[in-house]
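Residue numbers (the numbering used here): 1 to 402.
The C-beta atom is built at its ideal place from N, Cα and C for all residues, glycine as well.
Here is the structure we will look at.
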Ligand SMILES: *Cc1c(COP(=O)(O)O)cnc(C)c1O
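What follows is the structure, given as structure tokens:
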């Protein structure tokens with residue numbers, strides 16, 4: 001038998017995905033000024049970034065980045081455990097520990113790596129990992145990389161989570177959920193999940209990527225909003241690339257957790273430390289996010305304005321009240337079509353398709369930022385009203401069944 005070709009296989013997969021309208025397209029943004037993007041010479045107003053507080057182009061954060069780079073250079077020159085760990089990283093970890101109300105914090109280069117680290121360090125073959133069906137790919141991949149049994153439960157469904165945990169009472173277990181779900185914008189039932197984990201003696205891990213900066217007192221995130229401490233949520237993870245407008249991520253928790261990650265997390269040990277100037281910029285972003293409550297208030301007002309308008313238009317809204325407002329369209333083709341029509345009218349909105357979301361739940365993921373103006377939300381609503389979209393009544397429900 002002759003050896004099959006890898007490249008023939010790739011070509012066949014690409015043809016299949018093109019037919020199903022699932023091809024992903026890379027676009028190049030020439031200039032970005034908050035939500036105002038210049039692409040191919042055209043100005044587009046974006047409703048698809050995760051810059052919820054409008055900090056990505058904040059002058060004080062840019063200044064912090066520049067001044068740290070002037071002092072310390074750009075590259076960190078090595079991994080943290082060699083000589084890449086700088087004073088700016090240490091200071092950022094201290095700021096975060098105080099903000100999160102946790103004993104220790106470890107900074108990672110990306111959230112993807114932070115999640116891979118936690119799951120591979122805490123779990124071993126034979127253990128049980130229980131996760132929400134709609135968890136981010138990095139959490140699912142972490143469980144796969146750890147080589148453990150991954151049991152997913154119905155989205156935000158406590159009974160389903162309890163059944164999955166109870167199915168294997170005799171082994172070490174970890175339950176992981178997002179705080180605010182990245183593609184749906186709804187919140188996990190954190191207090192109930194925390195109680196369940198206590199009862200089942202399972203470690204509870206929460207990824208608050210989309211809640212940090214946006215919810216909770218001083219924007220401390222979904223776990224703080226639910227008033228849950230280190231005892232309730234021993235593993236807290238979040239990213240800097242969303243509401244803080246910078247780049248990178250962290251894990252917060254107790255001594256044992258952070259020591260274990262430092263000693264053996266391969267995505268921490270075998271990678272170059274984040275540039276120290278980025279740590280400095282992130283510290284500046286945290287200070288602004290904590291202090292400037294008006295950003296959260298403005299964001300909430302914009303979201304409320306959009307929801308009221310979209311409801312009047314009969315658009316297929318979901319119950320989400322966060323900055324993430326999906327319009328559920330069902331099949332991938334409809335989502336791509338809708339995004340194309342919006343782009344013609346000058347708006348950039350993400351068409352989210354499988355495998356990022358379950359089959360049959362393709363959507364426009366409309367996101368808002370404190371850097372949007374009311375008039376811009378109104379313009380988006382006007383453009384949506386001129387399109388032929390399914391209405392709330394005949395729109396598909398977000399499937400969440402296991
Ligand atoms: C964005 C995101 C990540 C990954 O973070 P990066 O820093 O972008 O790698 C992890 N979890 C969730 C829920 C996210 O939305």
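Around the Cβ of residue 61, are there at least 16 other Cβ atoms within 10 angstroms (buried) or fewer (exposed)?
-> buried
Determine the direct distance from the alpha carbon of residue 368 to that of residue 382, and round the result to whole angstroms.
-> 16 angstroms
For residue 110 and residue 266, believed in contact at Cβ under 8 angstroms, the rounded distance = In fact, because the Cβ distance is near 14 angstroms, the residues do not count as touching under 8 angstroms.
Flag this pair as touching only if the stretch 267-287 and the stretch 226-236 have three or more C-beta atom pairs under 8 angstroms; answer yes or no.
-> no
Beta strand (DSSP E) containing residue 153: first to last residue?
-> 149-153
Can you say whether residue 199 is buried or exposed, counting buried as having 16 or more other CB atoms within 10 angstroms of its CB?
-> exposed
Residue 26: buried (16+ other C-beta within 10 angstroms of its C-beta) or exposed?
-> exposed
Opposite residue 328 in the DSSP bridges: which residues?
-> 363
Based on the DSSP secondary-structure assignment, which residues constitute the bridge partners of residue 352?
-> 363
Report back the beta-carbon spacing between residue 213 and residue 243 to the nearest angstrom; my notes put them in contact at under 8 angstroms.
-> 3 angstroms
DSSP three-state assignment for residue 16, whether helix, strand or coil | helix
Which residues in the same chain as residue 341 place their Cβ atom closer than 6 angstroms to its Cβ, once the five residues preceding and following it in sequence are excluded?
-> 387
Same chain only: Cβ atoms within 8 angstroms of residue 127, ignoring 5 sequence neighbours per side | 146, 148, 149, 171, 172, 173, 174
Selected residue, minimal CA-CA separation from residue 322, among 77, 333, 328, 307 | 307
DSSP three-state call for residue 302: helix, strand or coil?
-> helix
Evaluate residue 180 with the Cβ neighbour count: other Cβ atoms within 10 Å of its Cβ, from every protein chain shown; 16 or more gives buried, anything less gives exposed.
-> buried
Enclosing alpha helix (DSSP H) for residue 288 [first to last residue] | 276-291
Give the range of the beta strand (DSSP E) segment to which residue 100 is assigned.
-> Element bounds for residue 100: not the beta strand (DSSP E) but the alpha helix (DSSP H), 87-100.
Below 7 angstroms CB to CB, which residues in the same chain sit around residue 295 once its five sequence neighbours on both sides are set aside?
-> 53, 54, 370
For residue 165 and residue 130, believed in contact at Cβ under 8 angstroms, the rounded distance = 5 angstroms
Determine the DSSP secondary structure at residue 210, reduced to helix, strand or coil.
-> coil
With a threshold of 16 other CB atoms inside 10 Å of the CB of residue 406, please say whether the residue is buried or exposed.
-> Missing from the structure shown is residue 406; the chain here goes from 1 to 402 and no further.
Go ahead and pull the three-state DSSP assignment for residue 264.
-> helix
Residue 399 in three-state terms, based on DSSP | With a pLDDT of 45 at residue 399, under the threshold of 50, the modelled position of this residue cannot be trusted, and the question is left open.
In the structure shown, what three-state DSSP assignment does residue 163 receive?
-> helix
6 angstroms Cβ shell around residue 324 - same chain, five flanking residues per side excluded = 185, 367
Which value, in whole angstroms, describes the spacing of the CA atoms of residue 144 and residue 115?
-> 12 angstroms
Separation of residue 352 from residue 403, as counted between CA atoms = Nothing about residue 403 can be read from this structure; the chain reaches only from 1 to 402.
Would you kindly check if the distance between the Cβ of residue 287 and the Cβ of residue 91 is under 9 angstroms?
-> no
Which residue or residues does DSSP assign as beta-bridge partners of residue 58?
-> Per DSSP, none; premise fails for residue 58.
Does DSSP put residue 73 in a helix, in a strand, or in coil?
-> coil
Identified DSSP bridge partners for residue 38 | 31, 43
Going straight from the alpha carbon of residue 374 to that of residue 347, what length do you get?
-> 15 angstroms
How many Å lie between residue 23 and residue 327 at the Cα?
-> 20 angstroms
Residue 473 - DSSP class collapsed to helix/strand/coil = Shown here, the chain extends from 1 to 402; a query on residue 473 therefore has no answer.
Relative to the C-alpha of residue 196, which residue among 182, 207, 176, 332 is closest?
-> 176
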